[in-house]
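Numbering of the sequence shown is given in the numbering used here, commencing with residue 133 and proceeding in unit increments.
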Amino acid sequence: MPASQVALIVALAVTVVVVIVGLIIALIRVRVGGSANVEDKVAEARLEAQRILARAEEEARVRAEEKRAVEEEAMVRQRESVEARTRRVMQREERLDQQATNLEERERLLIEREVEAKRLRVEAQEVEDQAWADLTRLAGLDRAEARKHIMEKVEHEARRDAMMLIRDIEIRSREEAEWRSRRILAGVVQRLSHQVVKDATSTVINLPSEHMKGRIIGREGRNIRAFEAVTGVSLIIDDKLPEAVVLNSYDPVRREVARLALEKLIVDGRLNPTAIEEAVAKAESEVSNSIRDAGEAALLEVNLSKMRPELIELLGQLRYRTSYGQNVLDHLIESAHAASLLASELGVDPGPVKRAALLHDIGKAVSHKLEGSHAHVGAEIARRLGEDPEVVHGIEAHHNEVAPRTVLAVLVQAADALSAARPGARRESFEQYTQKLENLENIAASYEGVEKAYAFQAGREVRVLVNPRRVDDLTAGALARQIARRVEKEMQYPGKIEVTVIRESRYTDYAR
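Following this line, the structure appears as structure tokens:
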């Protein structure tokens, strides 16, 4: 029985009970109050019972409707939940069906590929067996020997391909590195502005007259002997050189002292051993002051400070030294500027690089007094005077006597070469120049396969023409390196020499 009907029956039962109770109450009242107005009372009780019954029916109906609405709403929600659950189940079934289909397709493809792979393996084995059979039949080799022969051939081809790849990578890397290096060096050279140096291998003193030569010689040559004994400089008087004398000494500082002393004696007019000693003492004092001033001026020009006085004095002495006609102190200052610019371009701290470049030829101030190359002597002096080990390494490695291990050392080498090789920086005699070109061409032409060799750009480049039938592309690169290494070993030169090997094939025919 539905719950709504049960509720309606309960409501009717309650109403009947209420009506009965009302009638009983009315009868009691009649008995108590007499029989008067009995009918009215009964009618009133009936009306009251009807009203109560109507209210009870209404309440039962409302409750039944509310109950029914709640039940219908619950049924709707339950139905929707069931439908949603059903949809999810169907979607999951569809996905599972799709995955199953995909798996079947992949399995089919794998089976096809496996079959194809087996077929290819069979074909490859057949081809290999046929190749072994043909090779064995033609060469008279057994299988092991034939395998070794093929492996050697494959290895040779692979090595050649690798060499060609390495050569291409090397060429591209070198081209890019050279382009970037030229750009940086061009920028540095443009920012460097320095004088063209002049040769200063001898010192000539002009005289006011030829009569002064006799006074310089003195009675029985005593003046010239005293002058040479005090200064350590040879005084050359030649009749072929009118109104002039020549000072000759391996020590440029002594030569400068002698020049100043002799000029003072000529102006003063007193020429005797005592006056010579006084003039030389004054000249030595002036040269010492000028050496110190030159060293301090060099530090100021390159914006360096805190250097030992001994190093400053050695720098000043280089004011009177030349190399290939280039003043050494000017070369050091120019190298320091170039090194600073190069370091700045490469993002390196320019301070230590500039310091090492300024000191890299410091050994030339005393190399004529000590044994060893100027790079080794300079490095020992810098090490003894407390310079930074990295700076010392840059000094000793700038001519590759010690392999450069730091960026600083490489930058010092570059700055040194840049200052030495720039146009007008250095010069050589005509005989040395022509001899260098001949030696350069002879070295390049001495190799097998070289047809001609020409030196260009004042000996800074040599172009080598080779026979294309005897020299292939790979051998050409090796030949260039061999020539460059031999030039480094057998020749002395400032800067660097470029070796270019040219291999050209030409085929000519005529149309008749």
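Glycine included, every Cβ here is placed at the ideal spot set by N, Cα and C.
Measure the Cβ-Cβ separation of residue i and residue j and say whether it is below 8 Å.
i	j	result
ALA411	ALA393	yes
ALA549	GLY627	yes
ALA529	PRO536	yes
ILE423	ARG440	no
ARG387	LEU436	no
ILE348	ASN355	yes
GLY518	ALA541	no
ALA430	LEU447	yes
ALA497	GLU533	no
GLU466	SER551	yes
GLY350	LEU403	yes
VAL594	GLU573	yes
THR363	VAL389	yes
LEU478	ALA426	no
VAL539	VAL480	yes
What does a CB cutoff of less than 8 Å around residue i pick up in its chain, not counting 5 residues either side in sequence?
i	result
ALA610	none
PHE562	For PHE562, the predicted structure reports a pLDDT of 45, less than 50, and the residue's modelled location is therefore unreliable. The matter cannot be settled from this model.
GLU580	ARG602
SER476	PRO482
GLU342	PRO374, GLU375
Run the CB neighbour count on residue i, radius 10 Å, all protein chains shown included, and call it buried at 16 or more, exposed below.
i	result
PRO340	exposed
GLN567	exposed
HIS492	buried
ALA489	buried
GLN624	exposed
LEU228	exposed
VAL247	exposed
VAL336	exposed
VAL365	buried
ALA232	exposed
ALA514	buried
ILE298	exposed
THR406	exposed
ALA415	buried
PRO374	exposed
ASN459	buried
GLU287	exposed
GLN449	buried
GLY510	buried
ARG453	buried
TYR642	exposed
LEU464	buried
LEU252	exposed
VAL419	buried
ALA192	buried
HIS469	buried
Along the chain, where does the alpha helix (DSSP H) containing residue i start, and where does it finish?
i	result
LYS414	405-434
ALA608	605-622
VAL385	384-400
LEU447	441-449
ALA511	506-516
GLU375	That residue, GLU375, is in no alpha helix (DSSP H); it is neither H nor E in DSSP.
THR363	354-363
I believe residue i touches residue j by the beta-carbon criterion, under 8 Å. Please report the beta-carbon distance rounded to the nearest angstrom.
i	j	result
GLY591	LEU569	5 Å
ARG644	PRO600	With a Cβ gap of about 27 Å, ARG644 and PRO600 do not count as contacting.
LEU597	GLU583	5 Å
VAL544	ALA471	6 Å
ILE629	ILE575	Their Cβ separation, rounded to whole angstroms, is 10 Å, which puts ILE629 and ILE575 out of contact at 8 Å.
What residue range is occupied by the uninterrupted beta strand (DSSP E) comprising residue i?
i	result
VAL480	Run containing VAL480: none; DSSP gives neither H nor E here.
ALA585	582-588
ASN338	335-338
ARG636	Correcting the residue type first, residue 636 is Glu in the shown sequence and not Arg. No beta strand (DSSP E) holds GLU636; DSSP gives it neither H nor E.
ILE368	366-368
GLU593	593-598
In chain order, what residues of the same chain have a beta carbon less than 6 Å from the beta carbon of residue i, not counting five sequence neighbours either side?
i	result
ILE369	LYS345, VAL377
ALA612	VAL631, VAL633
PHE588	none
SER381	VAL365, ARG387
ALA104	The question about residue 104 has no answer here: the residues shown for the chain are numbered 133 through 644.
LYS396	ALA411
GLU277	none
SER637	PRO600
Would you please verify whether the beta carbon of residue i is less than 8 Å from any beta carbon of chain C?
i	result
GLU593	This model lacks chain C altogether, as it is built from one protein chain only.
Which residues in the same chain have their Cβ closer than 7 Å to the Cβ of residue i, if we skip the five residues on either side of it in sequence?
i	result
ARG391	THR335, ILE337, LEU379
ALA358	PRO405, ILE408
VAL385	VAL419, GLN449, TYR452
Give a single yes or no on whether residue i has its beta carbon closer than 7 Å to a heavy atom of the ligand COA.
i	result
ARG183	What this structure holds is no ligand at all, so the ligand COA is not there to describe.
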